[in-house]
Each structure stands twice: as structure tokens, then as C-alpha cells.
Amino acid sequence: MAKIERIGILTSGGDSPGLNAAIRGVAKTVMREDVEVLGIQDGFAGLVENRAERLEWNQVSGILTLGGTILGTSRNKPHKWPKKGGGTEDRTDDAVKSYKKMGLDALVCLGGGGTQKNAFRLMEKGGLRIVTLPKTIDNDVFGTDISFGFDTAMTIACEAIDRLHTTASSHHRCMLVDIMGHRAGWLALEAGLAGGADVILIPEIPFSFRKVANALIKREKNNKRFSIIAVAEGAEIVGEGARKDDGAEDPEGDGDALLAPSLSHRLAAFIQKETALETRVTTLGHLQRGGTPTPTDRALATLLGAKAGECILHGEFGVMIAHRGGQAVPVPLAEVAGKKKLVPMDDPLIKTARLLGLCLGD
Ligand code: F6P
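Those letters in the sequence shown? Residues 76 to 437, per this note's numbering, in order.
So this is what it looks like as C-alpha cells:
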């Protein structure tokens, strides 16, 4: 195999704590073997528009603990490029041209489910040599036990629940905390369990308002004068199906933002009417993606990033570096692209919640 001389790296989709740690992991690994690294700006937008700059060692050093991404990101997809005046066009050819113009021997794409799909398309349609990494606070990337960003977001959500506990108990209130996670319940489930929530509502288990209210009434009868409800932003009501975003629905599961309002405020109004509890809603939103990654995320992103660098040096392409059983494992992108990892009904965390008698709304 011809020596790898230059690679590109981009970060795409919603930012996630640990991205800079991963960029550092990839870049340091290959730079030590005299491979040049181009930082492509703003995700696939920079690839389509040929925007990149050479990264020096000192730019990838000292960024381990930094939140966000030094490269910038976007939700742009080459094959669905927004046109002025509305509609979209396919600019895959421009992305392929830039890859060639930049003189890349390989491209590393850091992103969630949408990124895995877009990267796979570029590999299939344009013949690009690609390695990807799974990043998302939602933890819904298929094929990996965990994605970097999740631990930080889960920690932030759990801290928020801890803080809501003291004010809820002082005022004898019901507190709903609306937690990101897109159409997966991992964040709400794990933060809810770790924070001691009384009710946890996730998209995988459609819930009924009545069941939630009944659980709160039962708590009151047991002299519990406050309650905490962890609501995943994608939670669904029994019989209503998934929330639809006006004109911005995500039929391909590309991980775009959920723009329709979550159910938290509707549920809060119902609870206040049906129980004696004053009810308040806290939406954590993008706070969950901001700031310094936890040590767990830093270590995970570094592990996966370094492995991506090693794969490139060995000429292994068309893979996502997954985390499986504590190891960084390259898995074919073809096995990952277009799939989502949702919470299975036999997940140990679901079982645990039920053993403890938590209400899951069903
Ligand atoms: O995928 C990460 C995520 O934070 C989801 O949890 C959320 O639904 C979405 O991104 C928000 O996207 P945006 O930053 O585009 O508003």
C-alpha cells in the first residue's frame, strides 16, 4: 500500500463533548508518522465548499479538555444541500472533487447516526476512503456500546435532577425535567435512574398521562410530598405515535433536531389539574452539550481517535471505530449506516427501574 501522506478530518451534526479529544487522538497518532492533517471546517459543508486548513501539532495539543469542536460543525448533508429559494440539490460530486483537490488519502468523519450515513454514501458513491467515529450525546449510534458525549450529557442531566430535588422537596412540587436524546431514551433513562427520578418517560415506552398521574397520587398517599419526572424529549403518548415536526420531520432518521415542542408542558398541565401538586418544567436543552467533557468521555474519545489513526496507518478503511466490551473495534460502516440503537425492552436499566417500582408511564 502507498504511504498515507495526508488525511482530512471533519466533525458533523450536533456538537458533543469529547470531539476535541477525539480530533487530538486521531491527529497525534498519524502526525507522529509524518502524515499531514487537514481540518475541514463545519462538517460536510466544508467538504462541499472546499474549506480546510492544515492543522499543526500545537493546534491539536492542549485541546483534550475543551468542549465543542475546534473545526466547527453543521448538519449539512452533501446529497441534500439547501438551495436558495427552497428545496435541496445533490452536491455529492462537489464533496468528491474537494477530497481530490485537497489531495486526501483518507477522511475521518466524527459524528452521530446521520454522519455515519452520509459518510457511507460518500464512500459508496464517490469512492472516498473513510473512517468514522461515533459521537453523540444521544448514545443511539448503532454498533457501538457507547458514543462519546453521552457520559458528559448524562452527568449534566443527573446534576440537574439533583438540584431539582432540593427545590421540589422544599416546595412540595412535581418537577418535570425535559432531557435531550432525540428519538432514543438512553439519556433520560440513565440520568433518571442515577438522579432518583420517580417517573421516567422514554420514546421506546409510549406513556399515558393517566398512568403518570396515578403514580403521583400513589406517592402522595405514601406521604411523599414531591416528585421528579424525567421526560425524554422524544417521549411519545400511547396511541399518538412519534411527534411530527412541521416540515422538518426526520424520516431518514438523520438525527436532525426535533423541532416540535416536547410533551412536558402538556403533561405538566394535566398533572396540575389531576393531582394537588404544583408542577414546574425545566428544559435542559443544549446545556447538556456544552462545556468540558467528563474524564470518561475524554478517555473514550482518545481511545477511539487513536484507533482510527492506527487503522488509517494500516490502510483499513470503510469502518467505524466502535467501543465494544471495553475495546476499540473497527466495524464495517455498511453494518452501521442507516440503523439506530434504541433502548431494548430487556435492557438491564429498564429491568432495574421496574424492580425499584418506578413508573415508566405504561
Ligand atoms: O443529536 C444530539 C441532539 O442534541 C439531540 O439530543 C437533539 O434532539 C438535537 O441534537 C438538537 O439539535 P440542534 O442542536 O440542531 O438543535
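For each residue, glycine too, the CB sits at the ideal point set by N, CA and C.
E164, DSSP secondary structure in three states = strand
Measure the Cβ-Cβ separation of L139 and G114 and say whether it is below 8 Å.
-> no
If you pair each beta-carbon of the region 233-241 with each one of the region 282-295, do three or more pairs fall below 8 Å?
-> no
Please report how far the alpha carbon of G162 lies from the alpha carbon of K426, in whole angstroms.
-> 45 Å
Take T104 as the anchor and find which of N297, L433, I387 and D90 has the nearest alpha-carbon.
-> I387
D220 versus D421: straight-line alpha-carbon distance, rounded | 15 Å
Counting pairs of Cβ atoms below 8 Å between the region 223-236 and the region 85-97, do you hit three or more?
-> yes
So, using beta-carbon positions, are F308 and M255 closer together than 8 Å?
-> For the record, residue 308 in the displayed sequence is Glu; it is not Phe. For E308 and M255, yes; Cβs fall inside 8 Å.
Quick one: using the 10 Å Cβ neighbour count with 16 as the cut-off for buried, is E265 buried or exposed?
-> buried
Output the residue ranges of the alpha helix (DSSP H) runs that lie fully inside the region 168-245 and measure 4 residues or longer, sorted by chain position.
-> 188-201
Could you spell out the range, first to last residue, of the beta strand (DSSP E) harbouring L431?
-> First-last for L431: undefined, no H or E at that position.
Would you please state the rounded distance, in angstroms, between the beta carbons of A305 and A272? I believe it to be under 8 Å.
-> 4 Å
Hey, could you find the ends of the alpha helix (DSSP H) P370 is sitting in?
-> P370 to L388
Could you give the uninterrupted runs of the alpha helix (DSSP H) lying entirely in the region 327-368, keeping only those of 4 residues or more?
-> 339-349
Under 8 Å between the Cβ atoms of T358 and D215?
-> no
Taking 8 Å as the threshold, find out whether the region 148-156 comes into contact with the region 112-128 through three or more Cβ pairs.
-> yes
Return the residue from the list R99, I84, E80 and L435 that minimises the CA-CA distance to P281.
-> L435
Give the secondary structure of Q116 by DSSP, where H, G and I count as helix, E and B as strand, and everything else as coil.
-> coil
G137 - DSSP class collapsed to helix/strand/coil = coil
Please confirm if the region 378-395 is in contact with the region 178-186, defined as three or more CB-CB distances below 8 Å between the two stretches.
-> yes
What residue range is occupied by the uninterrupted beta strand (DSSP E) comprising T144?
-> Element bounds for T144: n/a, residue is neither H nor E.
Check the DSSP bridge columns for R294 and list the partner residues they point to.
-> Beta-bridge pairing links R294 to no other residue.
Just checking my contact of F195 with L408 at CB under 8 Å: how many whole Å lie between their CB atoms?
-> 5 Å
Could you round the C-beta distance between T367 and A288 to whole angstroms and report it? I think they count as a contact, below 8 Å.
-> Not a contact, Cβ separation roughly 39 Å.
Identity of the residue in L276, C249 and G270 nearest G260 by Cα = L276
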